[in-house]
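The next block holds one structure in the form of structure tokens; read it before the comments.
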Amino acid sequence: MLDRRDACPATVQPGEGLPSMASLAGKLGIVFGVANKRSIAWAIAQAWHQAGAKLAFTYQGERLKENVEELAGTFGADTLILPCDVTMDDEITQVFARVGEKFGKLHLLLHSVAFAPREALEGDFLSTSREAFRIAHDVSAYSLVALARGAAPIMTDGGSIVAMTYYGSEKVVPHYNVMGVAKASLEASTRYLAYDLGPKKIRVNCISAGPVNTLAARGISGFGEMLKHYEAHAPLKRNVLPDELGATGAFLASDGAAAITGQVIYVDCGYQVMGM
Ligand code: NAP
Numbered sequence: 006m007l008d009r010r011d012a013c014p015a016t017v018q019p020g021e022g023l024p025s026m027a028s029l030a031g032k033l034g035i036v037f038g039v040a041n042k043r044s045i046a047w048a049i050a051q052a053w054h055q056a057g058a059k060l061a062f063t064y065q066g067e068r069l070k071e072n073v074e075e076l077a078g079t080f081g082a083d084t085l086i087l088p089c090d091v092t093m094d095d096e097i098t099q100v101f102a103r104v105g106e107k108f109g110k111l112h113l114l115l116h117s118v119a120f121a122p123r124e125a126l127e128g129d130f131l132s133t134s135r136e137a138f139r140i141a142h143d144v145s146a147y148s149l150v151a152l153a154r155g156a157a158p159i160m161t162d163g164g165s166i167v168a169m170t171y172y173g174s175e176k177v178v179p180h181y182n183v184m185g186v187a188k189a190s191l192e193a194s195t196r197y198l199a200y201d202l203g204p205k206k207i208r209v210n211c212i213s214a215g216p217v218n219t220l221a222a223r224g225i226s227g228f229g230e231m232l233k234h235y236e237a238h239a240p241l242k243r244n245v246l247p248d249e250l251g252a253t254g255a256f257l258a259s260d261g262a263a264a265i266t267g268q269v270i271y272v273d274c275g276y277q278v279m280g281m
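Each residue of the sequence shown is one higher than the one before, starting from 6 at the first, in the working numbering.
Quick look at the structure:
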């Protein structure tokens with residue numbers, strides 16, 4: 006009879022050889038999408054920081070500068086904080102030039118950015134204007150391509166790019182409308198980027214989060230109902246917590262996820278498996 010020890014010889018001693026599950030010690034990262042302390046980006050940034058990463062942050066426009074400075078400042082007075090509207094190529098170029106100067110290289114990038122004009126998230130999808138469609142895709146999907154292109158040249162040791170998505174990309178979620186179509190584009194972009202960047206050991210994955218009460222989420226009409234619906238129907242009978250998104254973000258950034266790329270990981274208390 007085959008002894009299990011023969012089938013799987015213990016060639017690796019405890020603490021030797023295996024990648025550490027969520028240590029990010031020595032990793033350098035950049036976070037796009039912190040608006041306030043409820044932002045998913047902030048939950049993931051905290052997890053990355055706690056796991057040992059040194060982080061830079063960006064903010065869109067002067068309106069959010071103070072918020073981001075206050076939050077990111079808690080990681081140290083010398084934290085790099087830069088303006089970046091992800092629809093502006095020159096701002097993206099500036100960001101990676103500054104990160105390159107300060108860090109020398111980069112290992113982690115979080116894309117936690119999305120926007121669609123409010124009217125496109127209220128009525129029916131059929132009424133989506135050409136301009137609302139363009140804006141939603143530019144901010145929420147193309148930006149991942151632009152940021153990955155900016156980051157890749159300084160990810161010289163390989164890296165992990167993580168983007169935030171939502172289930173409305175694959176199933177109809179009333180009122181999510183054009184954002185669902187943009188998320189489908191984001192997820193497909195993740196797969197193509199994973200293929201292009203794989204030879205450079207740069208991994209690209211999405212976290213598909215269940216609903217979380219943030220500034221962006223409150224722009225979706227009927228969002229309160231969505232929270233209740235998940236609580237009632239998800240296998241775990243509750244909504245996901247920001248810390249749990251942080252933990253998955255830290256895992257995907259870590260060497261424990263070294264063979265995972267091009268994937269959409271659901272962190273939604275199991276809601277995605279339900280058919281009814
Ligand atoms: P949030 O705190 O409002 O974060 C959204 C961020 O996107 C904000 O910092 C926002 O800045 C930024 N942004 C919008 N347009 C931008 C632009 N042109 N350039 C740079 N930044 C821009 O909301 P969140 O819920 O944490 O959203 C983060 C990500 O998670 C999004 O991709 C969202 O679709 C995704 N997600 C959220 C949920 C949820 O239920 N909350 C579920 C699944 C996935 P401004 O405030 O200045 O616009």
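Glycine residues also receive a C-beta, built at the ideal position from the N, C-alpha and C atoms.
Whether residue i touches residue j by CB criterion (7 angstroms)
i	j	result
Trp53	Ala255	yes
Glu249	Arg243	no
Gly251	Ala48	yes
Ala141	Ala121	yes
Ser117	Ala46	yes
Asp143	Thr79	no
Leu76	Ala56	no
Val36	Leu111	no
Ile212	Ile270	yes
Length of the line joining the Cα atoms of residue i and residue j
i	j	result
Val278	Lys42	30 angstroms
Thr84	Phe228	34 angstroms
Thr170	Glu192	7 angstroms
Arg196	Arg135	26 angstroms
Lys107	Ile159	11 angstroms
Ala263	Ser132	43 angstroms
Ser44	Leu220	7 angstroms
Ala27	Leu257	8 angstroms
Pro204	Glu230	44 angstroms
Ile207	Phe130	35 angstroms
Asp260	Gly267	16 angstroms
Ser145	Ala187	6 angstroms
Met6	Leu113	Reliability fails at Met6, whose pLDDT of 42 lies under 50, so the model's placement of it is uncertain and the value that follows must be treated cautiously. Going from the Cα of Met6 to the Cα of Leu113 covers about 47 angstroms.
Ile265	Asn210	8 angstroms
Asp162	Thr253	22 angstroms
Val177	Gly109	43 angstroms
Asn72	Ala40	7 angstroms
beta-carbon residue i near ligand 1 non-hydrogen atom, thresh 6 angstroms
i	result
Ile45	yes
Met279	no
Thr84	no
Ala235	The question names Ala, but residue 235 in the sequence shown is Tyr. Tyr235 Cβ: outside cutoff for every heavy atom of ligand 1.
Val217	yes
Leu198	no
Thr92	yes
Met169	yes
Leu115	no
Residue i at chain C interface by Cβ criterion, 7 angstroms
i	result
Thr63	The question asks about chain C, but that chain is absent: this structure has only one protein chain.
For residue i: DSSP bridge partner residues
i	result
Tyr271	Ser213
Practice item. Kindly provide the ranges of any alpha helix (DSSP H) runs that are 4 or more residues long and lie completely inside the stretch 33–101, ordered along the chain. Key: 45–55, 67–77
**Study point:** beta strand (DSSP E) segments (min. 3 residues) lying fully within the stretch 161–222
**Key:** Restricting attention to beta strand (DSSP E) runs no shorter than 3 residues, the stretch 161–222 encloses them at 164–170, 207–214, ordered along the chain.
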